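>
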Amino acid sequence: AQSVTQLGSHVSVSEGALVLLRCNYSSSVPPYLFWYVQYPNQGLQLLLKYTTGATLVKGINGFEAEFKKSETSFHLTKPSAHMSDAAEYFCAVSNQAGTALIFGKGTTLSVSS
Amino acid sequence: GAVVSQHPSRVICKSGTSVKIECRSLDFQATTMFWYRQFPKQSLMLMATSNEGSKATYEQGVEKDKFLINHASLTLSTLTVTSAHPEDSSFYICSAPDVSGDSHTGELFFGEGSRLTVL
């Protein structure tokens, strides 16, 4: 069975500081990995995804994530936080295209000025 | 990217009534759609998989008689919460994969969500 663990339910950073949101997964087959962002009372927006190929994935809004098979991790980073990055972030996994995603519990990112 | 639209975005109903939520794929055909439920400050939990032309598949613990799913066409799935009670108040989100074309990335496209409040 697949699962996702997001370490830290709440992360606070200052504007301009590095953002690091942690995600570890469990999957018996090569996974498809995703990071989504959710603003209050809205649906989910895809930030980036890893399927195959390059392990460093660049997404929208300056975010990137690195797939590390040996560590079963897919941590999300951004070099410099912006106030507009404050939101809920979800890491998700699936083992096959077209199937449902399994989500982590989410991490709330707060950005202070 | 592919677009999924949900309606209504917000609904308030009285306890005991039924509420229907629609999920449409606007620019692609979706033989499968997924319905998730999200309680405040919590993650998305998969409720059921909606299959065009056949019965939905429900996750363990989800009452199929309470959450009726109909996937009547390749672009529309509906979730009906029957005899709603306050504990059914939640944020319901649908999603669909776009498996057309040569590249299937596994990405799901999400609707805007529907916030249900049962009084």
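The listed protein sequences derive, respectively, from chains A and B. Here the working numbering is used: the first residue of the first sequence is 1, the next is one more, and so on. Here the working numbering is used: the first residue of the second sequence is 1001, the next is one more, and so on. Ideal Cβ positions, reconstructed from N, Cα and C, are used throughout, including at glycine. These figures come from a predicted structure and were not determined experimentally.
Mind checking whether Q1006(B) and S1114(B) have CB atoms under 7 angstroms apart?
Locating residue 1006(B) in the second sequence gives position 6, where the first residue counts as 1. Locating residue 1114(B) in the second sequence gives position 114, where the first residue counts as 1. Annotated as proximal: Q1006(B) and S1114(B), with beta-carbon spacing under 7 angstroms.
> G1016(B) touches chain A at which residues, Cβ-Cβ below 7 angstroms?
Sequence index remark: in the second sequence, residue 1016(B) carries index 16 (1-based). Within 7 angstroms Cβ-Cβ: nothing; G1016(B) doesn't reach chain A, min ~26 angstroms.
> Do E66(A) and T51(A) count as a contact pair if the criterion is CB distance below 7 angstroms?
Counted from its first residue, the first sequence places residue 51(A) at position 51. Counted from its first residue, the first sequence places residue 66(A) at position 66. Against a cut-off of 7 angstroms, the Cβ pair of E66(A) and T51(A) comes out as no contact.
> Is the beta carbon of A100(A) less than 7 angstroms from the beta carbon of L1046(B)?
Here residue 100(A) refers to the residue found at position 100 when the first sequence is read from its first residue. Here residue 1046(B) refers to the residue found at position 46 when the second sequence is read from its first residue. For A100(A) and L1046(B), yes; Cβs fall inside 7 angstroms.
> Name the residues in the stretch 1076 to 1099 of chain B whose C-beta lies less than 7 angstroms from a C-beta of chain A; which are they?
If the cut-off is 7 angstroms between Cβ atoms, the stretch 1076 to 1099 of chain B has I1093, P1097 and V1099 near chain A.
> Below 8 angstroms on C-beta distance, what does L21(A) contact in chain B?
For this step, residue 21(A) is matched to residue 21 along the first sequence. Ordered by position in chain B, no residue passes the 8 angstroms Cβ test against L21(A), which lies about 14 angstroms from the chain.
> Tell me whether E1087(B) is buried or exposed, calling it buried when 16 or more other Cβ atoms sit within 10 Å of its Cβ.
Working through the second sequence from its first residue, we reach residue 1087(B) at position 87. Exposed, by the Cβ-count rule.
> Leaving out five residues on either side along the sequence, give the residues of the same chain with a beta carbon under 8 angstroms from the beta carbon of I102(A).
Here residue 102(A) is taken as the residue at index 102 of the first sequence, counted from 1. For I102(A), where only same-chain residues beyond five positions count, the Cβ hits under 8 angstroms are Q2, S3, V4, A92, V93 and S94.
> Compile a chain-ordered list of the residues in the stretch 1021 to 1036 of chain B whose CB is closer than 7 angstroms to at least one CB of chain A.
Listed by position along the chain: T1032 and F1034.
> Using beta-carbon positions only, say whether V1062(B) and S1089(B) come within less than 7 angstroms of one another.
Start at 1 with the first residue of the second sequence, and residue 1062(B) comes out as number 62. Start at 1 with the first residue of the second sequence, and residue 1089(B) comes out as number 89. It is not a contact, given that the beta carbons lie outside the stated cut-off.
> Kindly identify the DSSP beta-bridge partner or partners of D1069(B).
What you label residue 1069(B) is simply residue 69 of the second sequence in a count that begins at 1. A small correction: the amino acid at residue 1069(B) is Ile; Asp does not occupy that position in the sequence shown. Bridge partners of I1069(B): L1079(B).
> If contacts are defined as beta-carbon pairs under 8 angstroms, then S1018(B) and A1096(B) qualify, I think. What distance do you get, rounded to the angstrom?
Position 18 of the second sequence holds residue 1018(B). Position 96 of the second sequence holds residue 1096(B). At roughly 24 angstroms, the Cβ-Cβ gap does not stay under 8 angstroms, so S1018(B) and A1096(B) are not in contact.
> Give me whichever residues DSSP pairs with A92(A) in a beta bridge.
Residue numbering aside, residue 92(A) sits at position 92 when the first sequence is read from its first letter. F34(A) and F103(A).
> Can you tell me whether DSSP reads P79(A) as helix, strand or coil?
In the first sequence, the residue the question calls residue 79(A) occupies position 79. In the structure shown, P79(A) sits in coil (DSSP, three-state: anything other than H, G, I, E or B).
> Return the residue from the list Y39(A), N41(A) and V19(A) that minimises the CA-CA distance to H75(A).
What you label residue 75(A) is simply residue 75 of the first sequence in a count that begins at 1. Comparing Cα positions, the closest option is V19(A).
> Which same chain residues end up closer than 6 angstroms to K1066(B) when comparing Cβ atoms and leaving out the 5 residues on each side of it in sequence?
Taking the first residue of the second sequence as position 1, residue 1066(B) is located at position 66. If we look at K1066(B) and ignore the five residues flanking it on each side, its Cβ neighbours are T1082.
> When burial is assigned at 16 or more other CB atoms within 10 Å of the CB, is H82(A) buried or exposed?
Along the first sequence, read from residue 1 onward, the residue named residue 82(A) stands at position 82. Result: exposed.
> Beta-carbon within less than 8 angstroms of K58(A)'s beta-carbon, same chain only, minus the 5 sequence neighbours each way: which residues are those?
Position 58 of the first sequence, counted from the start, is the residue given in the question as residue 58(A). Correct list, in chain order: L48 and E64.
> Under a three-way DSSP split, which group does P1086(B) fall into?
The residue you call residue 1086(B) lines up with position 86 of the second sequence. P1086(B): helix per DSSP, three-state reduction.
> Tell me E1022(B)'s beta-bridge partners as DSSP assigns them.
In the second sequence, residue 1022(B) corresponds to position 22, counting from 1. Partner(s): H1007(B) and T1078(B).
> To the nearest angstrom, report how far apart A97(A) and V1003(B) are at their CA atoms.
Within the first sequence, the letter at position 97 stands for residue 97(A). Within the second sequence, the letter at position 3 stands for residue 1003(B). Their backbone Cα atoms lie some 18 angstroms apart in a straight line.
> Between the stretch 45 to 59 of chain A and chain B, which residues of the former have a C-beta closer than 9 angstroms to a C-beta of the latter?
Q45, L46, K49 and T51
> At what residues does the beta strand (DSSP E) containing F63(A) begin and finish?
The residue labelled residue 63(A) in the question sits at position 63 within the first sequence. No beta strand (DSSP E) holds F63(A); DSSP gives it neither H nor E.
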